[in-house]
Amino acid sequence: MEYRTLGRSDVKVSSIALGCMSLCANPTYPEIPESQATATVHAALDAGINFFDNAPAYGDGEAERRLGNALKGNRRDKAVVATKISSNTLAADEVARECEASLSRLQMDHVELYQVHWPKRVVPIDETIGAMEKLQRDGKVGAVGVCNFGPLDLAELLETRRVATNQMVYSLLARGIEFEVRDVCAERGIGLLCYSPLAQGLLTGRYASADDVPPERARTRHFATTRPQARHGESGCETETFTAIREIKRICDRIGHPMADVAVAWLLHQPGVTSVLAGASRPDQIVQSARAGSLKLSKDVLDELDVATRQVKQKMGANPDMWQGKAGSRVR
Numbered sequence: 000m001e002y003r004t005l006g007r008s009d010v011k012v013s014s015i016a017l018g019c020m021s022l023c024a025n026p027t028y029p030e031i032p033e034s035q036a037t038a039t040v041h042a043a044l045d046a047g048i049n050f051f052d053n054a055p056a057y058g059d060g061e062a063e064r065r066l067g068n069a070l071k072g073n074r075r076d077k078a079v080v081a082t083k084i085s086s087n088t089l090a091a092d093e094v095a096r097e098c099e100a101s102l103s104r105l106q107m108d109h110v111e112l113y114q115v116h117w118p119k120r121v122v123p124i125d126e127t128i129g130a131m132e133k134l135q136r137d138g139k140v141g142a143v144g145v146c147n148f149g150p151l152d153l154a155e156l157l158e159t160r161r162v163a164t165n166q167m168v169y170s171l172l173a174r175g176i177e178f179e180v181r182d183v184c185a186e187r188g189i190g191l192l193c194y195s196p197l198a199q200g201l202l203t204g205r206y207a208s209a210d211d212v213p214p215e216r217a218r219t220r221h222f223a224t225t226r227p228q229a230r231h232g233e234s235g236c237e238t239e240t241f242t243a244i245r246e247i248k249r250i251c252d253r254i255g256h257p258m259a260d261v262a263v264a265w266l267l268h269q270p271g272v273t274s275v276l277a278g279a280s281r282p283d284q285i286v287q288s289a290r291a292g293s294l295k296l297s298k299d300v301l302d303e304l305d306v307a308t309r310q311v312k313q314k315m316g317a318n319p320d321m322w323q324g325k326a327g328s329r330v331r
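Below you can see the structure in the form of structure tokens.
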């Protein structure tokens, strides 16, 4: 397992992180027994993964509680734990209160990374980050980070503050951050944490066409706005997406590696990327993701993958939001 520095902090994290949303029931993942969640966390540690990304929004705090239980005892010292604040306004008093609630559920006295889950733009971001920095001084938080901060929110933040990380959607099929976000993060020493690295299963190769994709997964901007759960209001790019998937599969078959592994490895070759968040609800799933983190791709293969997905990149454009069109996006 490769370990990378978390932004400009002194924290070392595995290049593959366990995304903890999958540890309990929520709109994206089905329920699993807590014993299975615990086994998945332990398998991640055994595979060299030390980074665990959580949030109160995952199962209304249940994912935090389960992670805390799984890391009891001497396992806590082996883990780098990240969680988030997602309160109504992100005001200073909410930051302090929500942090205490997360620490209580996690059964921990500190977390190594505390992040803004989504920008709210109710109070100045300077107030929010200032409150998070106070938590740093109090020893309750290590590094401070953000999630889903597009070019405008990031520019406003960087006028007065520094953060260690920015967590964004990023994959071979969702390359929006390459237009205006990725290079800024790389230049400013802000580590990119990548979520939805498999584009909700599209990069596993399990779907041969857009019609094979279940409605709850066919709501991203890759799909036509006529899909039952789509709300982006755009034409989509189904032809481009599945042409790219077929080409990616051809490349993967030639080099002898599964699509999912190649998709994860591709991210780890991109500028500024610190860690890829892999969702897993079974031990074998996180072990496979850990293996993918060690895969090295040649420049020729990287160039081929770039060409294979370039039309999707251009069609989806600079909007980093995979689910909403620019007018309705929470990312700006």
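Residue numbers for the sequence shown follow numbering that gives the first Met the number 0, so the first one is 0 and each next one is one higher.
Think of the CB as a built atom: it goes at the ideal place given N, C-alpha and C, for glycine as much as any other residue.
Taking the alpha carbon of residue 168 as the point to measure from, which residue in 38, 145, 157, 188 has its own alpha carbon closest? 145
Secondary structure of residue 20, DSSP reduced to three states: helix
So residue 8 and residue 163 are supposed to be a Cβ contact under 8 Å. How far apart are they, rounded? 5 Å
Own chain residues within Cβ distance below 8 Å of residue 292, not counting five before or after: 0, 1, 13, 14, 15, 263, 264, 267, 275
Coil, strand or helix - residue 81 by DSSP: strand
Write down the C-beta distance between residue 85 and residue 54 rounded to the nearest angstrom, noting that I regard them as a contact closer than 8 Å. 6 Å
Completely contained alpha helix (DSSP H) runs for the stretch 179-244, where each covers 4 or more residues: 181-186
Is it the case that the stretch 24-39 contacts the stretch 288-305, given that we only count it when at least three CB pairs across the two stretches are under 8 Å? no
Using alpha carbons as the reference points, say which of 282, 140, 241 lies closest to residue 102. 140
Unbroken stretches of the alpha helix (DSSP H), 4 residues or longer, contained in the stretch 278-303: 282-291
Between the C-alpha atoms of residue 70 and residue 310, what's the straight-line distance to the nearest angstrom? 43 Å
Contact defined as beta carbons within less than 8 Å: I believe residue 153 pairs with residue 183. What is the distance between those atoms, to the nearest angstrom? 6 Å
Nearest by alpha-carbon distance to residue 97: which of 68, 75, 72, 56 is it? 56
8 Å contact criterion, which residue 322 and residue 231 should meet: CB distance rounded: 6 Å
What does residue 3 pair with, by DSSP beta-bridge criteria? 12
In the structure shown, what three-state DSSP assignment does residue 318 receive? coil
For the beta strand (DSSP E) containing residue 87, name the first residue and the last one. Run containing residue 87: none; DSSP gives neither H nor E here.
Tell me the residue span of the beta strand (DSSP E) that contains residue 115. 110-115
Determine the DSSP secondary structure at residue 127, reduced to helix, strand or coil. helix
Residue environment, residue 249, which counts as buried when at least 16 other CB atoms sit within 10 Å: exposed
C-alpha distance - residue 243 paired with residue 20, whole-angstrom precision: 28 Å
Under the three-state DSSP convention, the category residue 53 falls into: coil
Measure the alpha-carbon distance for residue 156 versus residue 254 and round it to whole angstroms. 42 Å
Helix, strand or coil at residue 264 according to DSSP, with G and I counted as helix: helix
Backbone CA spacing between residue 62 and residue 41 [nearest angstrom]: 15 Å
Find the nearest neighbour of residue 180 within the set 24, 166, 95, judged by alpha-carbon distance. 166
By how many angstroms is the C-alpha of residue 286 removed from the C-alpha of residue 161? 34 Å
Quick one: give me the first and last residue of the beta strand (DSSP E) that residue 67 is part of. It is not in any beta strand (DSSP E) - residue 67 instead sits in the alpha helix (DSSP H) that spans 61-69.
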